[in-house]
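Peer 1: Here it is, the structure, as structure tokens.
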Amino acid sequence: MAVATEKTGFPNFLRHGREGVERFRPRTLAGRLNLYLASALVGMMLALSLAGYAFISHTLEQAMEQKAKALASQVATVAKDAVMLQEYSVIDRITSDLLAQTPDLRHIQVVNAKGEILSEAQSSHQPGYDAFKTHLQYTAPMAFFGQSLGQVTLGFSRQSIRTTFLQLFVIGMILFALLLMLVFLIVRRLLDRHLLAPVRELSERLNDMPALFQQPVPVRQNLPQELQVLNYAIFDLQVALQNHIDSLQEAHQFRQKATQNLCQNQRMVAIGQLAAGLAHNLNTPLANIIGYAQMATQQTQDDAMQKRLQTIEKQAKQCAASVKDLLSAAREPRVVAQAVNLNQLIDGILAMIRPVLKRDAPVEIVFDAEATAWVKGDPSALEQVLYNLISNSAEAGASRVTLSLSPAKNHQAWYLWVCDNGKGIEAEKREQVFEPFFTTKEAGSFRNDNAGTGLGLYLTRTLLEKMQARITLGESVTEGTQFRIELNAYENTESADH
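Residue numbers (our numbering): 22 to 519.
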């Protein structure tokens, strides 16, 4: 049981140790880089300190050995002469003076060839000094023409080596620490500028959600290769995300438009069925009512009766016109594109409609054209389009309607503007004007004396689309309404003239 506990205790110790290391590890990239950099510099400092210690101690040791060798050779030369002359007092004086003048020298021993000690002295700084325990000693022989006269042994203390080494070591460590601190600050600043700052910038841009979906992260060329790879990856991801969002929006818009078109087609199918039934059931009774009202009007001389009969006729014609509009809206329009002189067509329409407008409402119509416009279109369809627009302007209370022709910049199309000074269209209703059965007309209009069916602008747009043209509602600067019709230009005008 104790063995199992011992086996499971060491893994637990390792796990707790790893957890402790993870607890004190910095969480930010800057903190980790600073930790790793500081650890590397400290390790390098320790390694260089050990190398410096070995180099300095070896150098000082060699210097001490050279000093001891030179001094021992000098003492041996002097002592050799004294031994030969047997002046041993000179040897004692030399050893005493040498000990006093050399602080590192701790012991001197002069021995003759027989091994007798001629002179021995030791430094007073270390009483009880043992020559055999000296840290550094050197022996120089005394010889005369190959005959040994004895030897000189010098003992030196390493205290000066330690003192010098400690001084050099402290100074070196201080300088090296300052150098490491300077290197640390420089490297940290470079890392912050070229690594951490770009990473922070990328992080801030990724955290800014509006900018993330609107503006891709710019690709910086001065980044390190690894960060450039990350920068390109984020840029490609943003572009792919934006393309995906755009495709989703396009698909959503297409779906909405398809749904609207489907609902509108279903409505028009229902209208067609209803219009066919109404046309069959109402056209004959309405024709009889109109005919009998006209006959009765001619046969009576009573003014009051004639007014009542005219009212009956007008209401019956209004019903017949509504049924006709329903049939026109439900029926697929047929257009035949051909070369049309738009100036002549507009002049003909105005000549036909001016008397009607002059009788029912005082409307002034002005036509201005920069040049003769040849367009692709169906004359009958264009006549119906212009009639609908001018009639709508008159019914909106306009006193002036202006038609103007101008070519497009690429000369591949012509713009026909129909502008009036009527009451205009409210801003919230502008997007609905081309929808079927939507009308802004009020009861009491000059033509029908009742609200419209809301099919005029819908038929206008449908006819123009069949001719590969389009109509848009312009922005009115002051008042009134502006419609712009864009028609494709007919290029071969010479054949059209013939």
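All residues carry an ideal CB built from backbone N, CA and C; glycine is no exception.
I446 and T461: beta carbons closer than 8 Å?
Peer 2: Start at 1 with the first residue of the sequence shown, and residue 446 comes out as number 425. Start at 1 with the first residue of the sequence shown, and residue 461 comes out as number 440. Result yes, Cβ atoms of I446 and T461 sit closer than 8 Å.
Peer 1: Among residues of its own chain, excluding the 5 on either side of N133, which ones have a beta-carbon nearer than 7 Å to its beta-carbon?
Peer 2: Stepping through the sequence shown from its first residue, residue 133 is reached at position 112. Answer for N133: V104, L139, L170, G171, listed in chain order.
Peer 1: I'd like to know whether the C-beta atoms of L366 and E404 end up nearer to each other than 8 Å.
Peer 2: Counted from its first residue, the sequence shown places residue 366 at position 345. Counted from its first residue, the sequence shown places residue 404 at position 383. In contact: L366 and E404 (Cβ atoms closer than 8 Å).
Peer 1: Just the C-alpha distance for A93 and V173, rounded to the nearest angstrom, thanks.
Peer 2: Along the sequence shown, read from residue 1 onward, the residue named residue 93 stands at position 72. Along the sequence shown, read from residue 1 onward, the residue named residue 173 stands at position 152. One C-alpha to the other measures close to 7 Å.
Peer 1: By the three-class DSSP mapping on this structure, what secondary structure does D368 have?
Peer 2: For the purposes of this step, residue 368 is identified with residue 347 of the sequence shown, where counting begins at 1. In the structure shown, D368 sits in a helix (DSSP, three-state: H, G or I).
Peer 1: Would you kindly work out how many angstroms separate the C-alpha atoms of V260 and D267, rounded to a whole number?
Peer 2: Here residue 260 refers to the residue found at position 239 of the sequence shown. Here residue 267 refers to the residue found at position 246 of the sequence shown. If I take the Cα positions, the gap works out to 10 Å.
Peer 1: Can you look up P124 in the DSSP assignment and give me helix, strand or coil?
Peer 2: On the sequence shown, position 103 is the one that residue 124 refers to. Here P124 sits in coil by DSSP.
Peer 1: Take every Cβ of the segment 358 to 376, pair it with every Cβ of the segment 326 to 340, and state whether three or more of those distances are shorter than 8 Å.
Peer 2: no
Peer 1: Please classify M521 as buried or exposed, where buried requires at least 16 neighbouring CB atoms within 10 angstroms.
Peer 2: Since the first residue shown for the chain is 22 and the last is 519, residue 521 is missing from the structure and cannot be characterised.
Peer 1: Where does E404 sit, in a helix, a strand or coil, going by DSSP?
Peer 2: One-based indexing of the sequence shown puts residue 404 at position 383. Note: E404 maps to helix in three-state DSSP.
Peer 1: Given this structure, state the Cα-to-Cα distance separating G465 from L478, to the nearest angstrom.
Peer 2: For the purposes of this step, residue 465 is taken as residue 444 along the sequence shown, with counting starting at 1. For the purposes of this step, residue 478 is taken as residue 457 along the sequence shown, with counting starting at 1. Per-residue confidence for G465 stands at a pLDDT of 45, beneath the threshold of 50, marking its modelled position as unreliable; the derived number appears in the next sentence. Approximately 19 Å, taken between the alpha carbons.
Peer 1: What are the residues that DSSP puts in a beta bridge with Q172?
Peer 2: Here residue 172 corresponds to residue number 151 of the sequence shown, with the count starting at 1. Answer is V132, P162, bridged to Q172.
Peer 1: Go ahead and pull the three-state DSSP assignment for E222.
Peer 2: Working through the sequence shown from its first residue, we reach residue 222 at position 201. If DSSP states are grouped into helix, strand and coil, E222 belongs with the helices.
Peer 1: Under 8 Å Cβ to Cβ from G312, same chain only, skipping five residues before and after it: list those, please.
Peer 2: The residue you call residue 312 lines up with position 291 of the sequence shown. Closer than 8 Å at Cβ, skipping near neighbours: no residue.
Peer 1: Quick one: what's E141 bridged to in DSSP?
Peer 2: Against the sequence shown, residue 141 aligns to sequence position 120. Answer is Q130.
Peer 1: Less than 8 Å separating the beta-carbons of S420 and N442?
Peer 2: Position 399 of the sequence shown, counted from the first residue, corresponds to residue 420. Position 421 of the sequence shown, counted from the first residue, corresponds to residue 442. Yes.
Peer 1: Taking buried to mean at least 16 other C-beta atoms within 10 Å of its own C-beta, is D151 buried or exposed?
Peer 2: For the purposes of this step, residue 151 is taken as residue 130 along the sequence shown, with counting starting at 1. At D151 the pLDDT is 47, less than 50, meaning the model places this residue with poor confidence and gives no usable figure here.
Peer 1: Nearest to V384 by CA position, among R505, R375, A392, A72, is which residue?
Peer 2: As a first step, residue 384 is located in the sequence shown; it is residue number 363 there, counting from the start. Measuring from the Cα of V384, the nearest candidate turns out to be R375.
Peer 1: What are the start and end residues of each continuous alpha helix (DSSP H) run of 4 or more residues lying completely inside the segment 475 to 510, in chain order?
Peer 2: The segment 475 to 510 contains these whole alpha helix (DSSP H) runs: 477 to 487.
Peer 1: To which residues does DSSP link V422 through a beta bridge?
Peer 2: Residue numbering aside, residue 422 sits at position 401 when the sequence shown is read from its first letter. DSSP output for V422 lists I386, D441 as bridge partner(s).
Peer 1: Nearest-angstrom Cα distance between A314 and E416?
Peer 2: Here residue 314 refers to the residue found at position 293 when the sequence shown is read from its first residue. Here residue 416 refers to the residue found at position 395 when the sequence shown is read from its first residue. Those two C-alpha atoms are separated by around 27 Å.
Peer 1: Below 7 Å CB to CB, which residues in the same chain sit around Y511 once its five sequence neighbours on both sides are set aside?
Peer 2: For this step, residue 511 is matched to residue 490 along the sequence shown. Counting only Cβ-Cβ distances below 7 Å, and skipping sequence neighbours, we find A360, W395, V396, K397, A517.
Peer 1: Measuring straight from C-alpha to C-alpha, what distance separates H432 and I506?
Peer 2: In the sequence shown, the residue the question calls residue 432 occupies position 411. In the sequence shown, the residue the question calls residue 506 occupies position 485. Going by the C-alpha atoms only, they are around 15 Å apart.
Peer 1: Reducing DSSP to helix, strand and coil, say where S427 ends up.
Peer 2: Taking the sequence shown and counting its residues from 1, the one referred to as residue 427 is at position 406. Three-state result, S427: strand.
Peer 1: Return the Cβ separation of E141 and Q130 in integer angstroms, given the expectation that the two are a contact with Cβ distance under 8 Å.
Peer 2: Translated into the one-based positions of the sequence shown, residue 141 becomes position 120. Translated into the one-based positions of the sequence shown, residue 130 becomes position 109. Taking C-beta atoms under 8 Å as the contact rule, E141 and Q130 qualify, at a distance of about 5 Å.
Peer 1: Return the bridge partner residues of G4 from the DSSP annotation.
Peer 2: As displayed, the chain neither begins before 22 nor continues past 519, which places residue 4 out of reach and without an answer.
Peer 1: So, helix, strand or coil for F275, using DSSP?
Peer 2: As a working mapping, residue 275 is identified with position 254 in the sequence shown. In the structure shown, F275 sits in a helix (DSSP, three-state: H, G or I).
Peer 1: Looking only at C-alpha atoms, which of L437, G501, S425, D399 sits nearest to T483?
Peer 2: Counting from one through the sequence shown, the residue named residue 483 turns up at place 462. Nearest to T483 by alpha-carbon distance, out of L437, G501, S425, D399, is D399.
Peer 1: Run through DSSP, which three-state label would A68 get?
Peer 2: Here residue 68 corresponds to residue number 47 of the sequence shown, with the count starting at 1. Helix, per DSSP.
Peer 1: At the 8 Å Cβ level, is E507 part of the contact set with chain C, yes or no?
Peer 2: Of the protein chains in the structure, only one exists, and it is not chain C.
Peer 1: By how many angstroms is the C-alpha of F177 removed from the C-alpha of L187?
Peer 2: For the purposes of this step, residue 187 is identified with residue 166 of the sequence shown, where counting begins at 1. For the purposes of this step, residue 177 is identified with residue 156 of the sequence shown, where counting begins at 1. The straight-line gap from Cα to Cα measures roughly 18 Å.
Peer 1: Measure from the alpha carbon of M65 to the alpha carbon of each residue in A402, T98, M194, K135, then state which is nearest.
Peer 2: Your numbering for residue 65 matches position 44 in the sequence shown. Of the residues A402, T98, M194, K135, the one whose Cα lies closest to the Cα of M65 is M194.
Peer 1: Just verifying my parser: in three-state terms, what is the DSSP assignment at A417?
Peer 2: As a working mapping, residue 417 is identified with position 396 in the sequence shown. Here A417 sits in coil by DSSP.
Peer 1: When you compare only the Cα positions, how much space is there between G73 and S60?
Peer 2: In the sequence shown, the residue the question calls residue 73 occupies position 52. In the sequence shown, the residue the question calls residue 60 occupies position 39. Distance between the alpha carbons of G73 and S60: 20 Å.
Peer 1: Rounded to the nearest angstrom, what separates R491 and L485 at their Cα positions?
Peer 2: As a first step, residue 491 must be located in the sequence shown, where it is residue number 470. As a first step, residue 485 must be located in the sequence shown, where it is residue number 464. Each residue's alpha carbon lies about 6 Å from the other.
Peer 1: Identify whether A392 lies in helix, strand or coil by the three-state DSSP scheme.
Peer 2: Here the question's residue 392 lines up with position 371 in the sequence shown. Coil.
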